[in-house]
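A.B. asks: Quick note: the sequence shown, position 185, residue 185 per the UniProt record's numbering, numbers continuous.
No residue lacks a Cβ here, since even glycine has one placed at the ideal position from N, Cα and C.
The structure that follows is given in the form of structure tokens.
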Amino acid sequence: MLEALGEEFTVICPALPVNGRTIYNGYLFVNGVLLSETGMRNHPVTPMTDSNIMRVMESQSRGRAGNISSTIVDQGSDAVRDALRKLQSEGIRYAVLDALNDQHIETLGRAVSQMKLVTGGSGLADEMARAWTQLRGKNVAAAEAAGAPVKGRTVILSGSCSQMTNAQVAAYKAKAPALAMDVEKAINDAAYIDVLAEWVLAQSGDALPPLVYATMPPEALKAVQERFGGERASAAIEDLFGQLAKRLEAEGFTIGPQIAPGVPWVRGIGKPLSLALKSGNFGTEAFFFEAQKIANQEGDK
């Protein structure tokens, strides 16, 4: 993307302090624990064995990575911009930004709001958007209203096998129609996606939207991986969801109201479509219910 935009430098900041994701000296922590020492170390598709974002970037891409420390961030947006210029002049291609709290995220959002390309989490994006609305004299609430969820038929798709997603799926399927995906069919049957679609459409009379899930507890996941191979099984599920995403033919989204920290509703630009895209461990056990409640309250009036 840097090459496509004609740029040679960008920042990286996946921190979201409100959800316990912080960066210190370029290392990513989850609730005070190094990422590589959490359950993500054993992720079936993308095992996180190194918490040093700079090392990870340099091992997977071209160019060197540097760090903007929290002591610099404490000095404000101007200090961050000065430090970024210095790193770029030294030939650094990726600047990993420390962030230990919400004030840091706010400072960083202002500092990078004019960059063409940034890489980070929703916390950084939120503060960049705030900086844009303030700079242009626009009302934040009005901007958020533009992303109000579209009212209409809904389906919930779940593929994560994280602890929280398992709890969310268990809570929801106890009260709503739910269908567990057949991994073997997902791997071997190209028409399986149409079978799932037919089942979803048949649930139109239910009070709660239907749930289709590949989420499973650790012991079941281990059995699937042993039978089909971890990469093969995961790729099949991801490909299925990827097919669905392509069929949406959405070119972009407007960010709407927040459901949980780091998870907003987004609305398709020029399309009557809304999505809530969630990382595995985000949200409470009632997340699927909460998302619908907000959609009903904040959706098209």
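Should the stretch 240 to 250 be regarded as contacting the stretch 120 to 127, the criterion being three or more beta carbon pairs within less than 8 angstroms?
C.D. replies: No, the stretch 240 to 250 does not touch the stretch 120 to 127.
A.B. asks: Check whether the stretch 255 to 265 and the stretch 207 to 223 touch, using three or more Cβ-Cβ pairs below 8 angstroms as the test.
C.D. replies: With the cut-off at 8 angstroms, the stretch 255 to 265 and the stretch 207 to 223 do not touch.
A.B. asks: Do T10 and L2 come within 8 angstroms of each other at the CB atom, strictly closer than that value?
C.D. replies: Taking the sequence shown and counting its residues from 1, the one referred to as residue 2 is at position 2. Taking the sequence shown and counting its residues from 1, the one referred to as residue 10 is at position 10. Contact: yes.
A.B. asks: Tell me the residue span of the beta strand (DSSP E) that contains P264.
C.D. replies: If you number the sequence shown from 1, residue 264 lands on position 264. Per DSSP, P264 belongs to the beta strand (DSSP E) from V263 to G268.
A.B. asks: Ignore the nearest five residues each way along the sequence and tell me which others in E251's own chain have a CB closer than 7 angstroms to its CB.
C.D. replies: For the purposes of this step, residue 251 is taken as residue 251 along the sequence shown, with counting starting at 1. These residues qualify, in order along the chain: I269.
A.B. asks: By DSSP's criteria, residue 326 is part of a beta bridge. Which residues make up the other side?
C.D. replies: A query on residue 326 cannot be resolved here, the shown segment of the chain reaching from 1 to 301 and no further.
A.B. asks: Counting beta carbon pairs with one atom in the stretch 223 to 231 and one in the stretch 111 to 120, are three or more of them shorter than 8 angstroms?
C.D. replies: No contact exists between the stretch 111 to 120 and the stretch 223 to 231.
A.B. asks: Roughly how many whole angstroms lie between the Cα atoms of T49 and K173?
C.D. replies: Working through the sequence shown from its first residue, we reach residue 49 at position 49. Working through the sequence shown from its first residue, we reach residue 173 at position 173. Whole-angstrom Cα-Cα distance: 33 angstroms.
A.B. asks: Based on DSSP bridge pairs, tell me the residues matched to Q258.
C.D. replies: As a working mapping, residue 258 is identified with position 258 in the sequence shown. Per DSSP, P264.
A.B. asks: My output table needs one value for T107: the three-state DSSP class, helix, strand or coil.
C.D. replies: Counting from 1 along the sequence shown, the entry for residue 107 is found at position 107. Helix.
A.B. asks: Could you check the C-alpha separation between L84 and H43 for me, to the nearest Å?
C.D. replies: The residue given as residue 84 occupies position 84 in the sequence shown. The residue given as residue 43 occupies position 43 in the sequence shown. About 33 angstroms.
A.B. asks: Helix or strand or just coil, what does DSSP make of L157?
C.D. replies: Reading the sequence shown from its first residue, position 157 is the one you call residue 157. Looking at L157 - three-state DSSP - the assignment turns out to be strand.
A.B. asks: Quick check on DSSP: helix, strand or coil for L117?
C.D. replies: Here residue 117 refers to the residue found at position 117 when the sequence shown is read from its first residue. Here L117 sits in coil by DSSP.
A.B. asks: Cβ atoms of V18 and D102: under 8 angstroms apart, would you say?
C.D. replies: Along the sequence shown, one-based indexing puts residue 102 at 102. Along the sequence shown, one-based indexing puts residue 18 at 18. Yes, Cβ-Cβ distance for D102 and V18 is below 8 angstroms.
A.B. asks: Which two residues bound the contiguous beta strand (DSSP E) that contains L35?
C.D. replies: Residue 35 sits at position 35 when you count from the first residue of the sequence shown. Run containing L35: none; DSSP gives neither H nor E here.
A.B. asks: Assuming N67 and V30 form a contact by the criterion Cβ under 8 angstroms, report the distance between their Cβ atoms to the nearest whole angstrom.
C.D. replies: Stepping through the sequence shown from its first residue, residue 67 is reached at position 67. Stepping through the sequence shown from its first residue, residue 30 is reached at position 30. Contact flag wrong, Cβ pair sits at about 19 angstroms.
A.B. asks: Taking only beta-carbon positions, decide if D194 is within less than 8 angstroms of chain B.
C.D. replies: Among the protein chains of the structure shown there is no chain B, as only one such chain exists.
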